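First residue of the sequence shown? That's 2 in our numbering, and the numbers climb one at a time after it. C-beta atoms are modelled at their ideal positions from N, C-alpha and C, and glycine is treated no differently. Treat the numbers as computed from the prediction; the structure is a model and nothing was measured. Structure first, commentary second.
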Amino acid sequence: MSDRVYIFDTTLRDGEQSPGATMNQEEKVSLARQLEALGVDIIEAGFPAASQGDFEAVQAIARSVSHIQVAALCRALTKDIDRGWEAIKDAAHPRIHTFLATSEIHMTHKLRKTREQVLEMAEAAVRHAASLCPNVEFSAEDASRSDWDFLAQVCEVVIRAGATTVNIPDTVGYAQPFEYGELIAYLIKKVPNSKDAIFSVHCHNDLGLAVANSLSAIRAGARQAEVTLCGIGERAGNASLEELVMALHTRHELYKLDCGVKTQQLYPSCRRLSQIIGQPIPPYKAIVGPNAFAHESGIHQDGMLKNPLTYEIMTPESVGRKGTEMVIGKHSGSHAIKSKLTELGYVLDDAQLAVVFSAVKELADKKERVFDEDVEALVLEMVYRRRDKYRLKDMSVFSGTGGVPPHAAMVLEVLDGEQVAEVRRHTSFGEGPVDALFKCIGSMVGYAPALDRFQINAVTGGTDAQATVTVRIEHEGKRSVGRGTNEDILVASAMAFINALNRLEKMREEKSECPTI
Ligand code: KIV
Ligand code: ZN
Numbered sequence: 002m003s004d005r006v007y008i009f010d011t012t013l014r015d016g017e018q019s020p021g022a023t024m025n026q027e028e029k030v031s032l033a034r035q036l037e038a039l040g041v042d043i044i045e046a047g048f049p050a051a052s053q054g055d056f057e058a059v060q061a062i063a064r065s066v067s068h069i070q071v072a073a074l075c076r077a078l079t080k081d082i083d084r085g086w087e088a089i090k091d092a093a094h095p096r097i098h099t100f101l102a103t104s105e106i107h108m109t110h111k112l113r114k115t116r117e118q119v120l121e122m123a124e125a126a127v128r129h130a131a132s133l134c135p136n137v138e139f140s141a142e143d144a145s146r147s148d149w150d151f152l153a154q155v156c157e158v159v160i161r162a163g164a165t166t167v168n169i170p171d172t173v174g175y176a177q178p179f180e181y182g183e184l185i186a187y188l189i190k191k192v193p194n195s196k197d198a199i200f201s202v203h204c205h206n207d208l209g210l211a212v213a214n215s216l217s218a219i220r221a222g223a224r225q226a227e228v229t230l231c232g233i234g235e236r237a238g239n240a241s242l243e244e245l246v247m248a249l250h251t252r253h254e255l256y257k258l259d260c261g262v263k264t265q266q267l268y269p270s271c272r273r274l275s276q277i278i279g280q281p282i283p284p285y286k287a288i289v290g291p292n293a294f295a296h297e298s299g300i301h302q303d304g305m306l307k308n309p310l311t312y313e314i315m316t317p318e319s320v321g322r323k324g325t326e327m328v329i330g331k332h333s334g335s336h337a338i339k340s341k342l343t344e345l346g347y348v349l350d351d352a353q354l355a356v357v358f359s360a361v362k363e364l365a366d367k368k369e370r371v372f373d374e375d376v377e378a379l380v381l382e383m384v385y386r387r388r389d390k391y392r393l394k395d396m397s398v399f400s401g402t403g404g405v406p407p408h409a410a411m412v413l414e415v416l417d418g419e420q421v422a423e424v425r426r427h428t429s430f431g432e433g434p435v436d437a438l439f440k441c442i443g444s445m446v447g448y449a450p451a452l453d454r455f456q457i458n459a460v461t462g463g464t465d466a467q468a469t470v471t472v473r474i475e476h477e478g479k480r481s482v483g484r485g486t487n488e489d490i491l492v493a494s495a496m497a498f499i500n501a502l503n504r505l506e507k508m509r510e511e512k513s514e515c516p517t518i
């Protein structure tokens, strides 16, 4: 059996299903390139049949990376597979990933199909996918709650039909490490043609066991692990890429298995994700959380000073953490900013560089110290933002404890491509300054979406830190997430709300064709 574990990153597909983690096409491409730099083997770029937007994003990703495999997720339906293939066929190394549920509960209540029908569908889907692409993965959804003998039968049939990877997901995070390992060992032994495919694992974290289950499966012979950065994903998330990789790395003497991930790129990759989705990495997050290498207790500090091995099983440097550095001041030139961007992994053309340069200088005039995180937040704001319908031109907000209720005045531009088609002005009162702002924006766009999440995070420390505001809005059954970054939290709030509206407008244009997984 091979001593190489393939890392399949699904941050852009299963990860994006995490509440609040929606990314636009430009952000997805930027993250895909970072994942390539990280050294994963396969990225799952999305689910092209879900909507026109998903299709275009998968296609753009497929055309932007060159060394890694790009997978498209498809239901076990000819039309989904054709659409998926259309989206990835330009990739240097495309992979069709088709899936079908195999547990009794899913087959009876969700699919309303018998075992025989599921076997037939799985076989037909894989056969069709293999006629288009030699690299085909089949996932038996809810495998961990499926009948083991039936699952073995499904594996045998799909391998015979051309699947080169067979994925055994713990879709609902139900499995326990020892039984999941036993299941993988059982399948590899029982399926007569198991040596013709790589067995893969895909674990969800509902009981907090996603990484433990994945490692147990790897010990039992699985050689592909499906993971996401920071473990983001549906419900409690997926197995975390950085945890799994560092477990294999730190305990190499135990597993004796390698993967192609460059561990020094782990922290930069997770930080990039956090910046894009506007959600901070939780303090206690293993490997990449702010506290992961912080030693507070006196005894620990004493031990660390005497020998770091006393309390550190890996070094911060090994996962790419150098500590936040002050990089740019108001006297920094474009050369310094360009080399900082290159160090952070951004390749920008001259026009993009000019935009970022002037934004950084503007920020450096207002803020004492500009950190790496500030520069990254500006790049994401200025370069990877979608062509919008609405753009904030000017605003002012009044709030306080006096008799005058909080109110906001705003000038909003309505864009037609690059051109400003119309300028709208309005003033509104509200319960507080944010309420006044959102009411003002609502009046100008002609509808008032419900706000169901509002979150502010400081990009760095200090009272002059930039703030990233994330909002989630809902209108006519459609949900959208928006983010805005600015040194003024009210401006960041308005930008976030307008960003969410722009995304909502885009969604209305792109009408989802089928539910997400
Ligand atoms: O959790 C799951 O079963 C999935 C499959 C579609 C691979 O995400
Ligand atoms: Zn999943």
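In terms of CA proximity to S270, T12 leads the group V6, T12 and S3.
Following the DSSP letters along the chain, one finds F179 inside the alpha helix (DSSP H) bounded by residues P178 to K191. The DSSP-derived three-state label of I233 is coil. When only Cα atoms are considered, I89 and P49 end up about 9 angstroms apart.
Looking at the DSSP output, L413 shares a beta bridge with L393 and R425. L349 and C260 have their C-alpha atoms some 30 angstroms from each other. With a minimum length of 3 residues, the unbroken runs of beta strand (DSSP E) contained wholly in the region 456-518 fall at 468-476 and 479-487. Residue environment analysis places V470 among the buried positions, since at least 16 neighbouring C-beta atoms fall within 10 angstroms of its C-beta. In this structure, R392 is the residue among T79, R392 and R113 with its C-alpha nearest to the C-alpha of V446.
Spanning the alpha carbons of G304 and I233 requires a straight line of approximately 34 angstroms. By the Cβ criterion, the region 60-71 is not in contact with the region 287-305, since fewer than three pairs of Cβ atoms, one from each stretch, lie closer than 8 angstroms. In terms of Cβ geometry, I185 and E138 do not form a close pair [threshold 9 angstroms]. Taking a contact to require three or more Cβ pairs closer than 8 angstroms, the region 244-258 and the region 14-34 do not qualify as touching. The nearest non-hydrogen atom of ligand 2 is less than 8 angstroms from the C-beta of N239. Within 8 angstroms of the C-beta of P95 there is not a single heavy atom belonging to ligand 2.
In the structure shown, G418 adopts coil according to DSSP, grouped into three states.
The criterion of a C-beta distance shorter than 9 angstroms is satisfied by E105 and R146. In this structure, the C-beta of F100 approaches ligand 1 to less than 8 angstroms from one of its heavy atoms. Shortest Cα-Cα distance from G21 to any of P291, L36 and S481 involves S481.
The shortest C-alpha to C-alpha distance from D207 to any of N239, L78 and A198 is the one to N239. Check the Cα spacing between I199 and each of A221, P178, C134 and V405: the tightest is with A221. In terms of Cα proximity to S195, the closest of A164, P178, A211 and C204 is A164. Between the alpha carbons of T115 and S215 lies a distance of about 29 angstroms. Spatial neighbours of L416 in its own chain (CB-CB distance under 8 angstroms, excluding positions within 5 residues in sequence) are listed in chain order as R388, D389, K390, Y391, R392 and A422. Counting along the chain, no alpha helix (DSSP H) covers A141; the unbroken beta strand (DSSP E) around it starts and ends at V137 to E142. Remark: the shortest separation between the CB of N136 and any heavy atom of ligand 1 does not fall under 8 angstroms. For N168, the pairing in a beta bridge is given by DSSP as S140 and S201.
Distance from the C-beta of P170 to the nearest heavy atom of ligand 1 is below 8 angstroms. For N25, DSSP records no beta bridge to any residue.
In this structure, V41 places its C-beta atom within 9 angstroms of the C-beta atom of I8. Around A365, the same chain offers I329, G330, K331, S333 and V371 as residues with beta carbons nearer than 8 angstroms, after the five sequence neighbours per side are excluded. Here G47 carries a strand assignment [DSSP, helix/strand/coil]. Burial state of H336 is exposed, judged by a 10 Å Cβ sphere holding fewer than 16 other Cβ atoms. G232 has its Cβ no nearer than 8 angstroms to any heavy atom of ligand 2. A distance below 9 angstroms separates the beta carbons of T103 and A144.
Between the alpha carbons of A449 and K111 lies a gap of roughly 35 angstroms.
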